[in-house]
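To keep things clear, I will list the structure first and then write my remarks on it.
Protein chains in written order, with the numbering used here: chain A, 1 to 242; chain B, 1001 to 1332.
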């Protein structure tokens, strides 16, 4: 179930634009890696490269013993990689329950999958909204439903892009608690991208700061977030001057 | 034993209500089919029989279209292309192999399916209006090709060997062929809607990027749906050519075939197998009646008006309207 994530020398270019430059890091199984960096630093591209939406131009990515670079998104879910999006991408006209069932069984199925879907909705606090249509629930509830859907695939690695943006503080707290719980209990590895540094410091075991597509700093969350070069990157100082 | 949550109760209540409605629906379908069979056997009005046959033809085309267009949310204006290719395949194969046109139905479906693979691989990378435009333009391109090729006899068209039957017997035969075909295809589309393949298409319609990262091989699923629609349209084209025993490029590849299918799907509701049955029947009977009793342009205007009204006020079509009325919230 658990797996160690390792990136070695990962590059991503789109035409003449280099978005990721020689990115290397490791995350031990069952740990939370918080990823910070200013806008345009390559955080979302890194998530997209990790789950196969984009193929890396160069470099290797392994999850446990499996090479996952170059795999397409729909195949990597079978390697145990799941994700959530910056703007929750739930299936709007379906119920929350069907959103979860869609992942494993298709709609209208019963049995073990339905039970697991109900358990996961209960787990994220949406049990009473199982038959609510996704378009009718709040933005925060959509984020929770999307998180439950990500867990529906029994993942080894969950990638989360801005999970705390624009949601009620209580839901934010619940979401952080559920991430931590599944991490500690099930050994799921998380890579969480967020601009909300204080929340991410509380949640993460390790930090990674990206700037202009390069790894600027890695290590203990409090140390990285207090690093002068990281602060300068956020304030817009040129990387070369740091 | 843990108590069920409120959500579980409400879902089971919803399912029980759906079962009752489904049984009523099946009973209605059996009655309608029985009435159609009686009509086909006893009617003396060949004009009415032909209108009913055309409506059934559009039921098949709209059901076929709904696999990608309704479940998958891809607006396909290329049904006329596959329909026409099927018709021409029948005419050419029947002539070259000296066999009755009806025996070429598989060949017509296969050729249309192969064309769909060739066209679908590049065009299904496009989304929304771009895909719709490409399918429309390709239809025109294939039509132009047929007009200049020697094997298709250019704009003069091709004649087929008619059945050695009286006009009445032939019309009855094609009525029952299309009735059986429509029933088979409708039930097949119903099964697709309940399968993992159908669920994958719904996921694509809802959010293609999310579907991809949730494990749906989106390109493959879309291509299969596109090919299914093309194969069925090709087979319908075969039956159309065999029935008319003369085809030419302008009439066979006319855009109104694609447009009628889209209008029928929007009026009936494309996101279930019932919608195309209702939509194709209603729009074809209406347009054929208007065509018979008024000038042709009135029929086109009426269909255009229907399209605007349903797109604006009843976006789920007739089937979607009733589904919402009975409180069903799921899409399949």
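Backbone N, C-alpha and C define an ideal beta-carbon position, used for all residues, glycine too. Owing to the predicted nature of the structure, the values given are computational and were not obtained by experimental measurement.
Residue i at chain B interface by Cβ criterion, 9 angstroms
i, result
"residue 51 of chain A", "yes"
"residue 153 of chain A", "yes"
"residue 46 of chain A", "no"
"residue 108 of chain A", "Annotation note: pLDDT 46 at residue 108 of chain A (below 50); position unreliable, coordinate value reported separately. Interface residue, yes."
"residue 72 of chain A", "yes"
"residue 124 of chain A", "no"
"residue 82 of chain A", "yes"
"residue 94 of chain A", "yes"
"residue 14 of chain A", "no"
"residue 89 of chain A", "yes"
"residue 103 of chain A", "yes"
"residue 75 of chain A", "yes"
"residue 78 of chain A", "yes"
"residue 25 of chain A", "no"
"residue 5 of chain A", "no"
Cutoff 6 angstroms; reference residue i; Cβ partners in own chain excluding five residues on either side
i, result
"residue 168 of chain A", "140"
"residue 55 of chain A", "70"
"residue 1204 of chain B", "1072, 1211, 1218"
"residue 247 of chain A", "Here chain A has residues from 1 to 242 only, and residue 247 of chain A is not among them."
"residue 1292 of chain B", "none"
"residue 1120 of chain B", "1223, 1226"
"residue 1115 of chain B", "1085"
"residue 1125 of chain B", "none"
"residue 1318 of chain B", "1268, 1269, 1278"
"residue 1306 of chain B", "1267"
"residue 1244 of chain B", "none"
For residue j and residue i, believed in contact at Cβ under 8 angstroms, the rounded distance
i, j, result
"residue 230 of chain A", "residue 216 of chain A", "6 angstroms"
"residue 1280 of chain B", "residue 1264 of chain B", "4 angstroms"
"residue 84 of chain A", "residue 130 of chain A", "That pair is no contact at about 19 angstroms."
"residue 1178 of chain B", "residue 1140 of chain B", "The Cβ separation is near 27 angstroms, so there is no contact."
"residue 79 of chain A", "residue 100 of chain A", "Wrong, their Cβ atoms sit about 20 angstroms apart, outside the cutoff."
"residue 1172 of chain B", "residue 1049 of chain B", "7 angstroms"
"residue 152 of chain A", "residue 192 of chain A", "Actually they are not in contact, since the Cβ atoms of residue 152 of chain A and residue 192 of chain A sit about 19 angstroms apart, beyond 8 angstroms."
"residue 26 of chain A", "residue 6 of chain A", "5 angstroms"
"residue 147 of chain A", "residue 175 of chain A", "6 angstroms"
"residue 92 of chain A", "residue 162 of chain A", "Not really, about 19 angstroms apart at Cβ, beyond 8 angstroms."
"residue 1090 of chain B", "residue 1242 of chain B", "6 angstroms"
"residue 1081 of chain B", "residue 1061 of chain B", "That belief does not hold up - the Cβ atoms of residue 1081 of chain B and residue 1061 of chain B are roughly 12 angstroms apart, past 8 angstroms."
"residue 1154 of chain B", "residue 1231 of chain B", "Between residue 1231 of chain B and residue 1154 of chain B the Cβ distance is about 27 angstroms, and since that is not below 8 angstroms, they are no contact."
Any C-beta of chain C under 9 angstroms from that of residue i
i, result
"residue 1069 of chain B", "The structure shown contains no chain C; its protein chains are A and B."
Contact with chain A by residue i, beta-carbon distance below 9 angstroms
i, result
"residue 1217 of chain B", "yes"
"residue 1212 of chain B", "yes"
"residue 1022 of chain B", "no"
"residue 1171 of chain B", "no"
"residue 1202 of chain B", "yes"
"residue 1199 of chain B", "yes"
"residue 1314 of chain B", "no"
"residue 1289 of chain B", "no"
"residue 1063 of chain B", "no"
"residue 1103 of chain B", "no"
"residue 1096 of chain B", "no"
"residue 1248 of chain B", "no"
Residues of its chain near residue i, where Cβ-Cβ distance is below 7 angstroms and the 5 sequence neighbours each way are ignored
i, result
"residue 1189 of chain B", "1063, 1066, 1067, 1273"
"residue 1176 of chain B", "1040"
"residue 132 of chain A", "95, 96"
Chain-order list of residues whose beta-carbon lies under 8 angstroms from that of residue i (same chain, five-residue window excluded)
i, result
"residue 1246 of chain B", "1157, 1158, 1159, 1160"
"residue 58 of chain A", "9, 10, 11"
"residue 18 of chain A", "11, 12, 213"
Counting only runs that start and end within the segment 159-229 of chain A, where is the alpha helix (DSSP H) found for 4 or more residues in a row?
-> The segment 159-229 of chain A is shown to contain whole alpha helix (DSSP H) runs of 4 or more residues at 169-186, 197-203, 221-226, in chain order.
Identify each residue in the segment 148-181 of chain A for which the Cβ-Cβ distance to at least one residue of chain B is less than 8 angstroms, and report them in chain order.
-> Result list: 149, 153.
List in chain order: all unbroken alpha helix (DSSP H) runs of 4+ residues lying wholly within the segment 1248-1310 of chain B.
-> The DSSP assignment places complete alpha helix (DSSP H) segments of no fewer than 4 residues inside the segment 1248-1310 of chain B at 1249-1252, 1255-1268, 1274-1293, in order along the chain.
Which runs of the alpha helix (DSSP H) spanning at least 4 residues fall entirely within the segment 1114-1200 of chain B, listed in chain order?
-> Counting only runs of 4+ residues, the alpha helix (DSSP H) found wholly inside the segment 1114-1200 of chain B occupies 1128-1148, 1167-1194, in chain order.
Any beta strand (DSSP E) of 3 or more consecutive residues that is wholly inside the segment 57-143 of chain A = Restricted to the segment 57-143 of chain A, the beta strand (DSSP E) segments that are unbroken, complete and at least 3 residues in length are 58-63, 81-84, listed in chain order.
Mind pulling the alpha helix (DSSP H) runs of 4 or more residues that sit fully within the segment 1207-1243 of chain B?
-> Counting whole runs of 4 or more residues, the segment 1207-1243 of chain B contains the alpha helix (DSSP H) stretches 1208-1213.
For the segment 206-237 of chain A, which residues have a beta carbon sitting closer than 9 angstroms to at least one beta carbon of chain B?
-> Those would be none; no residue qualifies.
Write down every uninterrupted run of the alpha helix (DSSP H) in the segment 1032-1084 of chain B whose length is 4 residues or greater and which is fully enclosed by it, in chain order.
-> Segments of the alpha helix (DSSP H) lying fully in the segment 1032-1084 of chain B: 1046-1066.
Would you mind listing the alpha helix (DSSP H) stretches within the segment 16-58 of chain A that are 4+ residues and don't spill past its ends, in chain order?
-> List check, alpha helix (DSSP H) in window: 43-50.
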